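Numbering (my numbering), first residue to last: 5 to 238. So the structure is just underneath, and the comments pick up after that.
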């Protein structure tokens, strides 16, 4: 709040400076001050006006960018990539786990992690675009759940999930980034006890194992199929 207030004061003071200078020039003309002095002051006034205009444009652009980021954050979106954030991911994962049990279909969850502690804006956008191109079904979801992790929800996906993960890793290797990419993947069967918390914990462990082993690999597992009667409830 204080920073925004200081910016406004700076802009207002800068905007007032040319007006004061022009008024001074007018008084000097009326007082018959030498022509050269008046021209120098007029030139200074013009330069000051350009500077003020630049400051105002920069302030407006910064304010617009801030408003856009705030709007994305309020919508549950990552402010860099525009992907759903962690809260949206967890909410959707909870819904899909329930749907998996209800419709007796498997669900695959994938976590994509990078080796660096922080991921700059441009590399993050490139990774997001690559993952979005890899999944094309309407029910699939790509999200950014932390600065260095992306997550994918793949409903009704079973044996093809590993193939998708390998393809994602191959495409991510082609990016001109220094980060080492690792992927954790698990296909869950619609068994009792399937929850969003269980899914994210299991896949998180697989991702961490892949990173511990050097990264640049897919660490995948799949639960065995179960009989529908195991999970049926009234």
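Ideal Cβ placement from N, Cα and C applies to all residues, glycine included. Nothing here was measured: the structure is a model prediction, and the numbers come from that model.
Straight across, the Cα-Cα distance linking residue 156 with residue 51 is about 53 angstroms. In the three-state reduction of the DSSP assignment, residue 221 falls in the coil class, being assigned neither a helical nor a strand state. In the assembly as shown, residue 47 is an exposed residue. Its beta-carbon has fewer than 16 other beta-carbons within 10 Å.
If you look at residue 205, you'll find it in the alpha helix (DSSP H) that goes 200-216. For residue 203, the number of other beta carbons within 10 angstroms of its own is at least 16, and it is reported as buried.
Residue 122 sits in coil when the DSSP states are folded into three classes, being neither helix nor strand. Residue 142 sits exposed, since fewer than 16 C-beta atoms from the chains shown fall within 10 Å of its C-beta. Here residue 176 is near residue 134, since their CB atoms are less than 7 angstroms apart.
With contacts defined by Cβ atoms closer than 7 angstroms, residue 188 and residue 214 form a contacting pair. In terms of Cα proximity to residue 119, the closest of 101, 150, 90, 165 is 150.
Pairing residue 191 with residue 112 gives a Cβ-Cβ distance under 7 angstroms. In the displayed model, residue 178 falls within coil according to three-state DSSP, outside both helix and strand. When secondary structure is reduced to three states using DSSP, residue 141 falls in the coil class, being assigned neither helix nor strand. Contact check for residue 117 against residue 205 fails: the beta carbons are separated by 7 angstroms or more.
Note on geometry: alpha-carbon atoms of residue 154 and residue 115 lie some 6 angstroms from one another. For residue 225, the closest of 165, 174, 173 by C-alpha to C-alpha distance is 165. Contact annotation: residue 82 and residue 137 have beta-carbon atoms that are not nearer than 7 angstroms. A Cβ-Cβ separation of about 4 angstroms places residue 132 in contact with residue 85 under the 8 angstroms criterion. Boundaries cannot be given for residue 87, as no alpha helix (DSSP H) includes it and DSSP labels it neither H nor E.
Ranking 167, 183, 95 by CA distance to the CA of residue 223 puts 167 first. Per DSSP, the continuous beta strand (DSSP E) segment holding residue 154 begins and ends at 153-159.
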